[in-house]
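Peer 1:
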Amino acid sequence: MTAFFQNLGLPFEGAWLLSTIIGILVIALPLMLAVAMIIYADRKIWAAMALRRGPNVVGPFGLLQSFADGAKVFLQETIIPSAANRTLFLIAPIITFTVALIAWAVIPFQVGVVVANINVGLLYILAISSLGVYGVVLSGWASNSKYPFYSAIRASAQMISYEVSIGFILVCVVLWAGSFNLTAIVESQRGYYGFLNGNGFNPLLFPMAIMFLISAMAETGRAPFDLTEAESELVAGYQTEYSSMAFALFWLGEYANVILMCGLNAILFWGGYLPPFDWAPLYLVPGIIWFLAKILFFFFVFSWVKATVPRYRYDQLMRLGWKIFLPTSLFFVFLVSGFLMLTRYGGAQ
Amino acid sequence: MIHVLAFYLFAILVVSSGALTILSRNPVHSVLWLIMAFFNAAGLMVLLGAEFIAMLLVIVYVGAVAVLFLFVVMMLDIDFAELRAGFVNYLPFGLLIAFVLLAEIVLGIGLWSAGPIELAQRAAPVNPELSNIQAIGGLLYTRYIFLFEAAGIVLLVAMIGAIVLTHRARGGVRGQNVAKQNRRRPQDAVHNVNQPVGQGVEL
Numbered sequence: 001m002t003a004f005f006q007n008l009g010l011p012f013e014g015a016w017l018l019s020t021i022i023g024i025l026v027i028a029l030p031l032m033l034a035v036a037m038i039i040y041a042d043r044k045i046w047a048a049m050a051l052r053r054g055p056n057v058v059g060p061f062g063l064l065q066s067f068a069d070g071a072k073v074f075l076q077e078t079i080i081p082s083a084a085n086r087t088l089f090l091i092a093p094i095i096t097f098t099v100a101l102i103a104w105a106v107i108p109f110q111v112g113v114v115v116a117n118i119n120v121g122l123l124y125i126l127a128i129s130s131l132g133v134y135g136v137v138l139s140g141w142a143s144n145s146k147y148p149f150y151s152a153i154r155a156s157a158q159m160i161s162y163e164v165s166i167g168f169i170l171v172c173v174v175l176w177a178g179s180f181n182l183t184a185i186v187e188s189q190r191g192y193y194g195f196l197n198g199n200g201f202n203p204l205l206f207p208m209a210i211m212f213l214i215s216a217m218a219e220t221g222r223a224p225f226d227l228t229e230a231e232s233e234l235v236a237g238y239q240t241e242y243s244s245m246a247f248a249l250f251w252l253g254e255y256a257n258v259i260l261m262c263g264l265n266a267i268l269f270w271g272g273y274l275p276p277f278d279w280a281p282l283y284l285v286p287g288i289i290w291f292l293a294k295i296l297f298f299f300f301v302f303s304w305v306k307a308t309v310p311r312y313r314y315d316q317l318m319r320l321g322w323k324i325f326l327p328t329s330l331f332f333v334f335l336v337s338g339f340l341m342l343t344r345y346g347g348a349q
Numbered sequence: 001m002i003h004v005l006a007f008y009l010f011a012i013l014v015v016s017s018g019a020l021t022i023l024s025r026n027p028v029h030s031v032l033w034l035i036m037a038f039f040n041a042a043g044l045m046v047l048l049g050a051e052f053i054a055m056l057l058v059i060v061y062v063g064a065v066a067v068l069f070l071f072v073v074m075m076l077d078i079d080f081a082e083l084r085a086g087f088v089n090y091l092p093f094g095l096l097i098a099f100v101l102l103a104e105i106v107l108g109i110g111l112w113s114a115g116p117i118e119l120a121q122r123a124a125p126v127n128p129e130l131s132n133i134q135a136i137g138g139l140l141y142t143r144y145i146f147l148f149e150a151a152g153i154v155l156l157v158a159m160i161g162a163i164v165l166t167h168r169a170r171g172g173v174r175g176q177n178v179a180k181q182n183r184r185r186p187q188d189a190v191h192n193v194n195q196p197v198g199q200g201v202e203l
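Residue numbers (the UniProt record's numbering), protein chains in the order written: chain A, 1 to 349; chain B, 1 to 203.
#1: Does DSSP put A/F109 in a helix, in a strand, or in coil?
#2: Go through its chain and collect everything with a Cβ distance to A/Q65's Cβ below 6 angstroms, but skip five positions before and after it.
#3: Buried or exposed: which applies to A/R222, given that a residue is buried once 16 or more other Cβ atoms fall within 10 Å of its Cβ?
#4: Exposed or buried, what is A/N257 when buried is set at 16 or more other beta-carbons lying within 10 Å of its beta-carbon?
#5: What residue does the alpha helix (DSSP H) around B/A42 start on, and which one ends it?
#6: Is the Cβ of A/L234 closer than 9 angstroms to any Cβ of chain B?
#7: Suppose contacts are defined by Cβ-Cβ distances below 9 angstroms. Is A/S329 in contact with A/I185 by that definition?
#8: At what residues does the alpha helix (DSSP H) containing A/D315 begin and finish?
#9: Given that a residue counts as buried once 16 or more other Cβ atoms are within 10 Å of its Cβ, and exposed if not, what is A/T78?
#10: Count the other CB atoms within 10 Å of the CB of A/V336; is the residue buried (16 or more) or exposed (fewer)?
#11: For A/R319 and chain B, any beta-carbon pair shorter than 9 angstroms?
#12: Report the neighbours of A/F180 on chain B: residues whose CB is nearer than 8 angstroms to its CB, in chain order.
#13: Within 9 angstroms of any Cβ in chain B, is that where the Cβ of A/S82 sits?
#14: So, do the stretch 208-221 of chain A and the stretch 143-153 of chain A have three or more beta carbon pairs nearer to each other than 8 angstroms?
#15: List the DSSP bridge partners of A/Y273.
#16: Check whether chain A comes within 9 angstroms of B/L13, counting only Cβ atoms and requiring the distance to be less than that.
#17: With a threshold of 8 angstroms on Cβ separation, who are the neighbours of A/Y283 within its own chain once the five nearest residues in sequence on each side are excluded?
#18: List, in order along the chain, the chain B residues whose C-beta lies closer than 9 angstroms to that of A/I160?
#19: Between the stretch 105-132 of chain A and chain B, which residues of the former have CB atoms less than 7 angstroms from a CB of the latter, in chain order?
#20: Closer than 6 angstroms by C-beta to A/I288: which residues in its own chain qualify, once you throw out the five before and the five after it? Chain order, please.
#21: Per DSSP, what are the beta-bridge partners of A/Y192 in this structure?
#22: Cβ atoms of B/F7 and B/L47: under 9 angstroms apart, would you say?
#23: For A/E13, which residues in chain B fall below 7 angstroms Cβ to Cβ?
#24: Would DSSP call A/N119 helix, strand or coil?
#25: Would you say A/T98 and A/A155 are within 9 angstroms of each other, going by their C-beta atoms?
#26: How about B/E51: is its C-beta nearer than 9 angstroms to some C-beta of chain A?
#27: How long is the line joining the alpha carbons of A/G237 and A/A230, rounded to whole angstroms?
#28: Any C-beta of chain A within less than 7 angstroms: which residues of the stretch 20-33 of chain B qualify?
#29: In chain A, which residues lie with their C-beta within 9 angstroms of the C-beta of B/M58?
#30: Would you say A/M32 and A/L252 are within 9 angstroms of each other, going by their C-beta atoms?
#31: Enumerate in chain order the residues of its own chain whose CB-to-CB distance from A/A266 is below 7 angstroms, with the five nearest sequence positions on each side excluded.
#32: Where does the unbroken alpha helix (DSSP H) through B/Q134 begin, and where does it stop?
#33: Do A/V106 and A/V115 come within 9 angstroms of each other at the CB atom, strictly closer than that value?
Right, here's the structure in full:
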């Protein structure tokens, strides 16, 4: 796209800036729409599993429910508690929202359809997702209220714990693909057994795919790991003191993060924009359709788990992260690298 | 052009947030400015072409170290007046450290302009074709393998030391044995008693 604007007579810098801004808008605006619709989908799935109807009043089948909620929240007054730290109180939701958006910069939707095709794409995702905890911690502290503070403490411990095992799981995938670049990782998943696309079909990586799915739920604070906003204990967790747009930014950021984690599941283990079978007619469907279909599938799994699994107790959450996931993922790092050493890199010399 | 703009943006932000780290009254704000400084330093490293180091800086320092730091500072109950009263007492010491650091910077710049720094190249010539990660990995796991492993052992010892110092066996804690709980079956836990009327239960 930079070349296109340069042909129109712009200098390189101007063309680069313009094409980057357009690229960002092309991802961010549909993402916001997707978040609105996915909140609706989440409520509908959850309702169906509880034999309820879910949102069904605003628009046909209640499709416009999220927009009505958005308009309502937008028109509300922003209440800032008098004891709160004003600046940080308002910065916290902005951090959550921004962090949820900027991670999408390196996600490939198709070969070459990516805002920033950088070499360290996966590390960038790890770095950005490790920033997400600041929104929660700051909101908890700045609210100057006990329940948000408890929630912030829980959130930071939880996110740091699960990041460790996510890191090791990613190392397994990176070892197999031989690259940190997300497009290269997707391309490396072609043709398992001659007809399947996806690392998840590899018996060495399949357990990692399951663990990544569970860790992703813990990392985004979704049920059954939603200890940060456990309503029976902490009112609404770190969002307790928030109202209006500040609250909406948390909400949007959380769901954008959930979609991102679903997308990462698809990219790392289930072939991203590749069709599930390595069969020529399937490639006629554009890659972005496959990618979105996989994201929707994983989102359904997330909602399914949310509707059916009870919340973990906090000490058991920590036990799962440190005593089960961490040793298992570490073991698989050894296993995968040992296997690759024997087969791909010519054995011990 | 964009590079130059980005450099000055990051550089100004690093320096100013570094200054604000020292100047702000509230320790939590200080930590947040420090995080800002880390983040912009990562931006500077990206501009240098050291994207791997930049990402590691964000993951390790911003994502883990600073979170724990922020955590500790948030939980502390700090008396600001007392903190400020100690300022004059520490002033000579602070000035001494500042002087040493300044001297080091001046020396460093002087040596830099004295000639090209060839030492690093002689010790470990870098192949310009390799990517960041491959170059660092190649050096860390071949030439500097013993130093690297030694650093790991030092960290392990530090971790064990911290656990030994803080761990104490407390009485009266009922630990949870999850495997034992999972092995438990209804017939182990529940049994029917044919209870005659008017007598106590024998369990």
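For every residue, glycine included, the Cβ atom is placed at its ideal position computed from N, Cα and C.
Peer 2: According to the structure shown:
#1: Sequence index remark: in the first sequence, residue 109 of chain A carries index 109 (1-based). The DSSP-derived three-state label of A/F109 is coil.
#2: Residue 65 of chain A sits at position 65 when you count from the first residue of the first sequence. The residues are Y40, P55, V58.
#3: Stepping through the first sequence from its first residue, residue 222 of chain A is reached at position 222. Here A/R222 is buried. Its C-beta has 16 or more other C-beta atoms within 10 Å.
#4: In the first sequence, counting from the first residue as 1, residue 257 of chain A sits at position 257. Counting Cβ neighbours within 10 Å, A/N257 comes out buried, since at least 16 surround it.
#5: Your numbering for residue 42 of chain B matches position 42 in the second sequence. Unbroken alpha helix (DSSP H) run through B/A42: 27-48.
#6: For the purposes of this step, residue 234 of chain A is taken as the residue at position 234 of the first sequence. No, its Cβ sits nowhere closer than 9 angstroms to a Cβ of chain B.
#7: On the first sequence, position 329 is the one that residue 329 of chain A refers to. On the first sequence, position 185 is the one that residue 185 of chain A refers to. Their beta carbons are not under 9 angstroms apart, which means A/S329 does not touch A/I185 by this criterion.
#8: By one-based count along the first sequence, residue 315 of chain A stands at place 315. That run of the alpha helix (DSSP H) goes 314-319.
#9: Translated into positions along the first sequence, residue 78 of chain A becomes position 78. Counting of Cβ neighbours within 10 angstroms places A/T78 among the exposed residues, the total staying below 16.
#10: As a working note, residue 336 of chain A is residue 336 in the first sequence. Its Cβ being crowded by 16 or more others within 10 Å, A/V336 is buried.
#11: Counting from 1 along the first sequence, the entry for residue 319 of chain A is found at position 319. Residue-level contact by beta carbon holds for A/R319 and chain B, with a gap shorter than 9 angstroms.
#12: In the first sequence, counting from the first residue as 1, residue 180 of chain A sits at position 180. Neighbourhood of A/F180 in chain B, by CB distance below 8 angstroms: I133, in chain order.
#13: Along the first sequence, one-based indexing puts residue 82 of chain A at 82. No, because no Cβ of chain B sits closer than 9 angstroms to the Cβ of A/S82.
#14: The stretch 208-221 of chain A vs the stretch 143-153 of chain A: no contact.
#15: Along the first sequence, one-based indexing puts residue 273 of chain A at 273. Note: A/Y273 sits in no beta bridge, so no partner.
#16: On the second sequence, position 13 is the one that residue 13 of chain B refers to. Under the Cβ distance rule, B/L13 does not count among the residues neighbouring chain A, no pair being separated by less than 9 angstroms.
#17: Position 283 of the first sequence, counting from 1, holds the residue named residue 283 of chain A. Non-local C-beta neighbours of A/Y283 in its own chain, meaning closer than 8 angstroms and more than five positions away in sequence, comprise P275, ordered along the chain.
#18: On the first sequence, position 160 is the one that residue 160 of chain A refers to. Within 9 angstroms Cβ-Cβ: G63, A64, V67, L68.
#19: Near chain B, meaning a CB-to-CB distance below 7 angstroms, the residues of the stretch 105-132 of chain A are I118, N119, V120, L123, Y124, L126, A127, S130, L131.
#20: On the first sequence, position 288 is the one that residue 288 of chain A refers to. Answer for A/I288: F109, Q110, listed in chain order.
#21: For the purposes of this step, residue 192 of chain A is taken as residue 192 along the first sequence, with counting starting at 1. Bridge partners of A/Y192: A/L196.
#22: Residue numbering aside, residue 47 of chain B sits at position 47 when the second sequence is read from its first letter. Residue numbering aside, residue 7 of chain B sits at position 7 when the second sequence is read from its first letter. Yes.
#23: The residue labelled residue 13 of chain A in the question sits at position 13 within the first sequence. Residues of chain B passing the Cβ test: M1, I2.
#24: One-based indexing of the first sequence puts residue 119 of chain A at position 119. DSSP, reduced to helix, strand and coil, places A/N119 outside both helices and strands of the structure shown, so it counts as coil.
#25: Counting from one through the first sequence, the residue named residue 98 of chain A turns up at place 98. Counting from one through the first sequence, the residue named residue 155 of chain A turns up at place 155. Judged by their CB atoms, A/T98 and A/A155 are not nearer to each other than the 9 angstroms cut-off.
#26: Working through the second sequence from its first residue, we reach residue 51 of chain B at position 51. Interface residue, yes.
#27: Position 237 of the first sequence, counted from the first residue, corresponds to residue 237 of chain A. Position 230 of the first sequence, counted from the first residue, corresponds to residue 230 of chain A. The alpha-carbon atoms of A/G237 and A/A230 are separated by roughly 7 angstroms.
#28: Within the stretch 20-33 of chain B, the qualifying residues are V28.
#29: Taking the first residue of the second sequence as 1, we reach residue 58 of chain B at position 58. Note that residue 58 of chain B is Val in the sequence shown, not Met. L123, Y124, L126, A127, I128, S130, L131, listed in chain order.
#30: As a position in the first sequence, residue 32 of chain A is number 32, starting the count at 1. As a position in the first sequence, residue 252 of chain A is number 252, starting the count at 1. Yes, the Cβ-Cβ distance between A/M32 and A/L252 is below 9 angstroms.
#31: For the purposes of this step, residue 266 of chain A is taken as residue 266 along the first sequence, with counting starting at 1. Answer for A/A266: G272, F291, K294, I295, F298, listed in chain order.
#32: Taking the second sequence and counting its residues from 1, one reaches residue 134 of chain B at position 134. For B/Q134, the enclosing alpha helix (DSSP H) stretches over residues 132-138.
#33: By one-based count along the first sequence, residue 115 of chain A stands at place 115. By one-based count along the first sequence, residue 106 of chain A stands at place 106. A/V115 is a Cβ neighbour of A/V106, given a cutoff of 9 angstroms.
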